[in-house]
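Everything below concerns the one structure shown next.
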Amino acid sequence: MDSGSQQLKPELVVLRKERFPRSINGSGLTWLLIVLVLILMAFAVSMFRQPVISDTSGSIGFSLEPTPSTQPRVYTVSYKNGVFSPTNLRIKAGDTVRFKNESIFSIRIIGDDLVGFDSIGDVPQGSFFAFTFAAKGIFSYYSGENHNESATIIVR
593 MDSGSQQLKP
603 ELVVLRKERF
613 PRSINGSGLT
623 WLLIVLVLIL
633 MAFAVSMFRQ
643 PVISDTSGSI
653 GFSLEPTPST
663 QPRVYTVSYK
673 NGVFSPTNLR
683 IKAGDTVRFK
693 NESIFSIRII
703 GDDLVGFDSI
713 GDVPQGSFFA
723 FTFAAKGIFS
733 YYSGENHNES
743 ATIIVR
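Here it is in structure tokens:
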């Protein structure tokens with residue numbers, strides 16, 4: 593070898609590999625859990641918060657105004673393959689029931705106990721007959737073609 597060139601000497605470099613990754617000590621883990629719980633509680637409070645309605649009138653007592661009644665609802669009873677569905681329906685007085693004919697033939701709906709509860713004529717396929725129940729009671733009805741195809745409306 594040349595005397596002018598430097599000799600390279602091999603060096604040994606040792607890298608230390610840790611067996612276990614660094615972990616959070618007990619105190620740090622406790623604080624981390626506390627912060628997480630506080631964040632979750634703040635989120636829950638903001639999500640489930642109810643608006644506060646303040647009464648600025650200064651009066652104490654009760655209101656003499658009647659509570660608003662529920663709006664009348666519209667229910668649908670379908671007729672298909674010789675069956676009314678649902679066969680028993682509970683409604684409130686003032687509610688309307690639509691009887692929809694989903695069969696391939698026209699039907700006539702006849703009520704047993706309530707005057708005016710009758711489709712008067714045939715209800716064609718895809719059409720409906722609507723009736724508003726004002727009186728409370730239990731009212732049965734049936735198909736004009738077959739008295740065994742019946743159902744009941746219970747008005748409360």
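Plus 592 on top of the position in the sequence shown (first one is 1) and you've got my numbering.
Even glycine gets a Cβ: it sits at the ideal position worked out from N, Cα and C.
If I measure Cβ to Cβ from residue i and keep anything under 8 Å in the same chain, skipping five residues before and after, which residues do I get?
i	result
alanine 726	Ala685, Gly686
isoleucine 696	Gln717
isoleucine 631	none
arginine 665	Ile683, Lys684, Asp687, Thr688
serine 698	Asp714, Val715, Pro716, Gln717
In whole angstroms, what separates the C-alpha of residue i from that of residue j?
i	j	result
isoleucine 683	valine 637	38 Å
phenylalanine 691	histidine 739	16 Å
glycine 713	glutamate 694	16 Å
leucine 604	serine 619	40 Å
asparagine 673	glutamate 741	10 Å
tryptophan 623	methionine 633	15 Å
valine 715	glycine 736	11 Å
glycine 708	methionine 639	51 Å
leucine 625	phenylalanine 635	15 Å
threonine 662	valine 629	42 Å
leucine 621	arginine 641	30 Å
Near residue i, what residues of its chain come up, given a Cβ to Cβ distance below 6 Å and the 5 sequence neighbours on each side ignored?
i	result
serine 711	Arg700, Ile701, Phe721
phenylalanine 676	Val669, Ala743
isoleucine 746	Arg682, Ile730
aspartate 705	Phe731
Could you tell me which residues DSSP puts in a beta bridge with residue i?
i	result
asparagine 673	Bridge partners of asparagine 673: none, in fact.
isoleucine 746	Arg682, Ile730
threonine 662	Paired residues: none, contrary to the question.
threonine 750	Residue 750 is absent from the structure shown; the chain starts at 593 and stops at 748.
Restricting to Cα atoms, I'd like to know which of the options is closest to residue i.
i	options	result
glycine 729	Arg748, Trp623, Ala743	Arg748
serine 734	Ile746, Thr679, Trp623	Sequence check: residue 734 is tyrosine here, not serine. Nearest C-alpha to tyrosine 734: Thr679.
serine 719	Val707, Tyr671, Asp704, Glu737	Tyr671
tyrosine 667	Ser698, Pro602, Arg641, Phe723	Phe723
Nearer than 7 Å: is that true of the beta carbon of residue i relative to any heavy atom of the ligand SAH?
i	result
glutamate 694	The ligand SAH is not part of this structure, which contains no ligands at all.
With a threshold of 7 Å on Cβ separation, who are the neighbours of residue i within its own chain once the five nearest residues in sequence on each side are excluded?
i	result
isoleucine 703	Per the sequence presented here, residue 703 reads as glycine, with isoleucine not at that position. Counting only Cβ-Cβ distances below 7 Å, and skipping sequence neighbours, we find Phe709, Asp710, Phe731, Tyr733.
Please go through the segment 670-736 and give each complete beta strand (DSSP E) segment of 3 or more residues, from N-terminal end onward. 675-677, 680-683, 688-693, 701-703, 720-724, 729-735
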